[in-house]
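J.: Have a look at the structure that comes next, please.
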Amino acid sequence: MIYNLPFLTVVALIAIGMYAIIFKRNLIKIAVGITILESGVNLFLITLGYREGGVAPIFTNLPPGISPDQIPEKMVLPVPQALTLTSIVIGVAVLALILSFTINIYRKYGTLDAGKIRRLKE
Amino acid sequence: MLIKTVGGYWDPIVWIVAFIVIAIIAYIIRAFGKGEYKGGEQTKPFLSGVEEPSKEKVHVRASNIYWGFIEALKGYYDYMKRMHSGVVNDYVAWFVGVAAIMFVVMFAAVII
Amino acid sequence: MNVMEHLPALIIAIPLLAAFLTPLVDKISKKVRNAVVFIALAATFILTIFLVQDVFENGIMIYVMGASNPTQTIPMQAAVPIRIVLEIDGLSAFMALISVLIALIGLIYSFSHVEERGGKFYTLFLLMLVGMLGMELTGDLFNLFVFLEIASIASAALITYEFKRGSTTEAALKYIVISSIAALFVLFAIGLLYGEYDLLNMAAIAKAIKITGLSNIDMIALILFFAAFAMKAGAAPMHMWMPDAYGEAPGAVSMVLIAVTQASLYALLRMCFTIYADSLHVVIPAAIIIFGLISIFIGVTMALIQDDIKRLIAYAAVAEVGYILLAIGVGLYGVLNNEVELYARKALQGGIFHIFNDILDIGLLFLVAGGIIYITKERNLNKLGGLAHSMKYTSILFLIGLAAVAGLPPMNGFASKIMIYESVYKVSPILSIVAILASIIMLAIFVKIFHSVFTGPKISEQKDVPKLMLASMIILAALIIFFGLFPDIIINNVVNPAVNALIENAAYISNVMG
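Line by line, the protein sequences give chains A, B and C. When you line the first sequence up against this note's numbering, it's residues 1323 to 1444, in that order. When you line the second sequence up against this note's numbering, it's residues 1108 to 1219, in that order. When you line the third sequence up against this note's numbering, it's residues 37 to 550, in that order.
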């Protein structure tokens, strides 16, 4: 049960992120919701790679007591860690873009309410 | 240079040749008419004796061209205008709604 | 270095290098920058033509990134591919050809209306092209996600290029929020597939799904992929970002944005036909057909009440995506029921030919609209009028675009639409009836633009559009008329290999897995 806790956290984070995006009207809160959603997906990717009793996947820095032929079972998977790093960087870029758009909208419209910045309707 | 469709074929070169032949036939038939008739009071539009206004005043603007069609489908268009509200949260809500409906349909179809 | 061997990597690398050189070259002079960007795009176009020829003669082309031998996918001690593999089959080559062609025409058009901050415009333009090409040439799932994000970030920044009007930034904000949520769900689904199979390569996952069948986690991943890519491709009822984004983008960017959405449609095709192939339940083609019908109907009827010229054409683009989805859904239904030769092959041919025609036709209409806005500085249809007196060439080109989009013979729109109508009729006559009626209304909406913009009493005296804009529009019109008169050239040489690559996925798997 304790090993399912990260997955439950992932579900909770994604649910909180989607709630913020769908029901909150302030543009900054929508940006925060996107960040929480992205954190949830990154946590999911990291948690996929965990192996019970595993160590960090660095070949030249093994802790004592592990021989080289025990390596694949005793290390956590390194590939999801690479995927997560890429995703975090992409998330930073998207967040910077959304916030700069929000600044320009505030200058032109005078408000941050998503219900009022709807000059483009129908 | 034809392409084959399920029911037959479509050849644009044959269509163009047929179009030109029919246009020539139509022109020949038109040439049988009187050439020197110039017009006069009989060819102007009749508006119960009133003068025909200038073209600038009767030109129908863009929003009013299909007024009859839009007026007949008023209920449908009111619903559509409410659906396309322009609010970002509604766009994401439609995505989540469609994904949820597809989940339910897919799992129901596999179980049954 | 053998250029033919390294073609896929060069096609992605050359625009990427030019994109990051452009701000530096911009400091020298504008003409040098224009020349550098044009040479980079022309070189990419020539390389893409070589790639298309190579794929159609020799079959699927494989390129392994970072290996000493570019065609050795599985290394010595391993049993699965461990590097990023670019795999190009008939459909990828077709989509790459369209993307580069449209970007080249858009580039020629944009030389005449980009005046300020030009270095940043061309950097983002080339990055958008890199994102599109990367999505279409790759054979690896996570690579698809990264290029999807590159394309959507570059497009969002380009949509708000004229930020003095507030509505462009509003459209770009809606676009980036929607894109980022779709991409995050795609990443979640990639994580699910990785957790189950420990593989990221598309061909390897296809083989694993074929061996072990469709489990519950695979179905969840399929639904997430499907919903996210359908939203990015503009399927109703998730289409509402499309009129905002297309309507507010500057001139040529609207046309290249169509190619970006078609790249998401390509990713949807990859999911359904190649990775999941025969394990799909029949619910998926039924869902695609229903999305197609709703898109056609909503796109066409909402376009009738618009007043802004670019939003109207954007709603017509939503309807065209509906036609493509309808044809693809019918094709997938036929492939799953093993009735390929009856109607599925013709439906897929019509759908993929319609992707090509749709980009050309709607692209020409967007270019004409951009030219009108550039000359008259007016976007509202109620205030325009009588432009045919002064802009003669533009009105003739608009007439050609109108005939092509509405499906009037002998243009290329009719050729692809008749293939779709006749093959869709075999599944159910109602689908064909809705498609034909929507085509009539599509003629009506473009006659509305023609009546209010070009005919009528003259309001003011205007000159015609600049020469470069006319040149790009004439190239598009010439392509439309040429492919309308000789549709079999493109169907036999370009569309047929793409359809063959979709119908049988065994070649895709065996080229990578050996």
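For glycine and all other residues, C-beta sits at the position ideal for the given N, C-alpha and C. Model, not experiment: these values are computed from the prediction.
Could you tell me whether the Cβ atoms of Gly365 (chain C) and Ile391 (chain C) are closer together than 8 Å?
T.: Stepping through the third sequence from its first residue, residue 365 (chain C) is reached at position 329. Stepping through the third sequence from its first residue, residue 391 (chain C) is reached at position 355. Not a contact, by the Cβ cut-off of 8 Å.
J.: Pull the bridge partners of Thr174 (chain C) from the DSSP assignment, please.
T.: On the third sequence, residue 174 (chain C) is found 138 positions in, with the first residue counted as 1. Looking at the DSSP assignment, Thr174 (chain C) forms a beta bridge with C:Leu122.
J.: So which residues of chain F does Ala263 (chain C) contact, with C-beta pairs closer than 8 Å?
T.: Considering every chain present, this structure includes no chain F. Its protein chains are A, B and C.
J.: Provide the residue span of the beta strand (DSSP E) that contains Tyr99 (chain C), from first to last.
T.: Locating residue 99 (chain C) in the third sequence gives position 63, where the first residue counts as 1. For Tyr99 (chain C), the uninterrupted beta strand (DSSP E) run begins and ends at 97-100, by DSSP.
J.: Assuming contact is defined by CB atoms lying nearer than 8 Å, are Thr84 (chain C) and Leu46 (chain C) in contact in what I supplied?
T.: Numbered from its first residue, the third sequence carries residue 84 (chain C) at position 48. Numbered from its first residue, the third sequence carries residue 46 (chain C) at position 10. No, these two residues do not count as a Cβ contact at 8 Å.
J.: Identify which residue in B:Glu1158, B:Ile1136, B:Tyr1198 has its Cα closest to the Cα of Ile1343 (chain A).
T.: Reading the first sequence from its first residue, position 21 is the one you call residue 1343 (chain A). Per the Cα distances, B:Tyr1198.
J.: Within 10 Å of its beta-carbon, does Asp1185 (chain B) have 16 or more other beta-carbons around it, so buried, or fewer, so exposed?
T.: As a position in the second sequence, residue 1185 (chain B) is number 78, starting the count at 1. Per the 10 Å Cβ criterion, exposed.
J.: Report the residue from C:Gly231, C:Arg201, C:Ile311, C:Ala129 whose alpha carbon sits nearest the alpha carbon of Leu1405 (chain A).
T.: As a working note, residue 1405 (chain A) is residue 83 in the first sequence. Looking at the Cα atoms, C:Gly231 is the closest of the given residues.
J.: Can you grab the Cα-Cα spacing for the pair Leu401 (chain C) / Tyr1144 (chain B), in whole Å?
T.: Locating residue 401 (chain C) in the third sequence gives position 365, where the first residue counts as 1. Locating residue 1144 (chain B) in the second sequence gives position 37, where the first residue counts as 1. Near 41 Å, if we compare the C-alpha coordinates of Tyr1144 (chain B) and Leu401 (chain C).
J.: Which chain B residues are close to Ile1352 (chain A), counting only those with a beta carbon under 7 Å from its beta carbon?
T.: Within the first sequence, numbered from 1, the residue matching residue 1352 (chain A) stands at position 30. Per Cβ cutoff of 7 Å: Val1195.
J.: Taking only beta carbons into account, state which residues of the segment 1148-1169 of chain B come closer than 7 Å to chain C, listed in chain order.
T.: Lys1162, Glu1163, His1166, Arg1168, Ala1169
J.: Note the first and the last residue of the continuous alpha helix (DSSP H) segment covering Gly328 (chain C).
T.: Translated into the one-based positions of the third sequence, residue 328 (chain C) becomes position 292. Counting along the chain, the alpha helix (DSSP H) containing Gly328 (chain C) begins and ends at 319-339.
J.: If Gly202 (chain C) sits next to Ile1427 (chain A), beta carbons under 8 Å apart, how far is it from one beta carbon to the other, in whole angstroms?
T.: Position 166 of the third sequence, counting from 1, holds the residue named residue 202 (chain C). Position 105 of the first sequence, counting from 1, holds the residue named residue 1427 (chain A). 7 Å between Cβ atoms; contact.
J.: Tell me which residue opens and which closes the alpha helix (DSSP H) that Gly365 (chain C) is part of.
T.: Reading the third sequence from its first residue, position 329 is the one you call residue 365 (chain C). From DSSP, the alpha helix (DSSP H) with Gly365 (chain C) extends over 345-372.
J.: Quick one: Cα of Ile510 (chain C) to Cα of Leu140 (chain C), how far?
T.: For the purposes of this step, residue 510 (chain C) is taken as the residue at position 474 of the third sequence. For the purposes of this step, residue 140 (chain C) is taken as the residue at position 104 of the third sequence. Each residue's alpha carbon lies about 14 Å from the other.
J.: Assess, as a yes-or-no matter, whether the segment 190-197 of chain C is touched by the segment 280-289 of chain C under the definition of 3 or more beta carbon pairs within less than 8 Å.
T.: yes
J.: What whole-angstrom Cβ distance do Val489 (chain C) and Ile408 (chain C) have, given they're in contact under 8 Å?
T.: Along the third sequence, one-based indexing puts residue 489 (chain C) at 453. Along the third sequence, one-based indexing puts residue 408 (chain C) at 372. Right, their Cβ atoms sit about 7 Å apart.
J.: Verify whether the separation of the beta carbon atoms of Leu127 (chain C) and Leu305 (chain C) is less than 8 Å.
T.: Position 91 of the third sequence, counted from the first residue, corresponds to residue 127 (chain C). Position 269 of the third sequence, counted from the first residue, corresponds to residue 305 (chain C). A contact, by the Cβ cut-off of 8 Å.
J.: From Thr1150 (chain B) to Thr491 (chain C), what distance separates their C-alpha atoms?
T.: For this step, residue 1150 (chain B) is matched to residue 43 along the second sequence. For this step, residue 491 (chain C) is matched to residue 455 along the third sequence. When rounded, the distance between both Cα atoms is 22 Å.
J.: Shortest alpha-carbon distance to Lys156 (chain C) belongs to which of C:Lys63, C:Val336, C:Ala244?
T.: Reading the third sequence from its first residue, position 120 is the one you call residue 156 (chain C). Answer by Cα proximity: C:Lys63.
J.: Smallest Cα separation from Asn448 (chain C): which of B:Val1113, B:Ile1120, B:Val1195?
T.: Locating residue 448 (chain C) in the third sequence gives position 412, where the first residue counts as 1. The residue with the shortest Cα to Cα distance from Asn448 (chain C) is B:Ile1120.
J.: Applying the criterion that 16 or more other CB atoms from any shown protein chain within 10 Å of the CB defines a buried residue, is Arg1189 (chain B) buried or exposed?
T.: Counting from 1 along the second sequence, the entry for residue 1189 (chain B) is found at position 82. Arg1189 (chain B) should be labelled exposed.
J.: Grouping DSSP H, G and I as helix and E and B as strand, with all else coil, what is Met267 (chain C)?
T.: Counted from its first residue, the third sequence places residue 267 (chain C) at position 231. Helix, per DSSP.
J.: Mind checking Val1445 (chain A): buried by the 16 CB within 10 Å criterion, or exposed?
T.: The requested residue 1445 (chain A) does not occur in the structure, where chain A is confined to residues 1323 to 1444.
J.: Kindly indicate which three-state DSSP category Asn38 (chain C) falls into: helix, strand or coil?
T.: Working through the third sequence from its first residue, we reach residue 38 (chain C) at position 2. Coil at Asn38 (chain C), not helix or strand.
J.: Should Trp277 (chain C) go down as buried or exposed, given a rule of 16 or more other Cβ atoms within 10 Å for buried?
T.: Counted from its first residue, the third sequence places residue 277 (chain C) at position 241. Under this definition Trp277 (chain C) is a buried residue.
J.: Measuring alpha carbon to alpha carbon, tell me which residue in A:Pro1402, A:Ala1418, A:Val1333 is nearest Tyr1372 (chain A).
T.: Taking the first sequence and counting its residues from 1, the one referred to as residue 1372 (chain A) is at position 50. Minimum Cα distance to Tyr1372 (chain A) is reached at A:Pro1402.
J.: Quickly, what does DSSP pair Asp1435 (chain A) with across the bridge? List them, please.
T.: As a first step, residue 1435 (chain A) is located in the first sequence; it is residue number 113 there, counting from the start. Answer by DSSP bridge pairing, in chain order: A:Asn1348.
J.: Is there at least one Cβ from chain B nearer than 8 Å to Phe1437 (chain A)'s Cβ?
T.: As a first step, residue 1437 (chain A) must be located in the first sequence, where it is residue number 115. According to the sequence shown, residue 1437 (chain A) is Gly rather than Phe. With 8 Å as the cut-off, Gly1437 (chain A) counts as an interface residue toward chain B.
J.: By the criterion of Cβ-Cβ separation under 7 Å, what are the contact partners of Phe522 (chain C) in chain B?
T.: Here residue 522 (chain C) refers to the residue found at position 486 of the third sequence. Chain-ordered, the chain B residues with CB closer than 7 Å to the CB of Phe522 (chain C) read Met1108.
J.: Quick check on DSSP: helix, strand or coil for Lys67 (chain C)?
T.: Locating residue 67 (chain C) in the third sequence gives position 31, counting from the first residue. Three-state DSSP puts Lys67 (chain C) in a helix.
J.: Among C:Leu165, C:Gly421, C:Ile212, which one has its Cα closest to the Cα of Ala55 (chain C)?
T.: Along the third sequence, one-based indexing puts residue 55 (chain C) at 19. Looking at the Cα atoms, C:Leu165 is the closest of the given residues.
J.: Taking only beta-carbon atoms, is Ala451 (chain C) less than 8 Å away from chain B?
T.: Taking the first residue of the third sequence as position 1, residue 451 (chain C) is located at position 415. At a cut-off of 8 Å between C-beta atoms, Ala451 (chain C) counts as an interface residue with respect to chain B.
J.: In three-state terms, what does DSSP make of Val501 (chain C)?
T.: Translated into positions along the third sequence, residue 501 (chain C) becomes position 465. Shown here, Val501 (chain C) sits in coil according to DSSP, grouped into three states, outside any helix or strand.
J.: Does the segment 251-265 of chain C come into contact with the segment 224-241 of chain C, if we say contact requires no fewer than three beta-carbon pairs (one atom in each stretch) closer than 8 Å?
T.: yes
J.: Buried or exposed: where does Glu123 (chain C) fall if 16 or more other Cβ atoms within 10 Å of its Cβ makes it buried?
T.: By 1-based counting over the third sequence, the position of residue 123 (chain C) is 87. Buried: at least 16 other Cβ atoms inside 10 Å.
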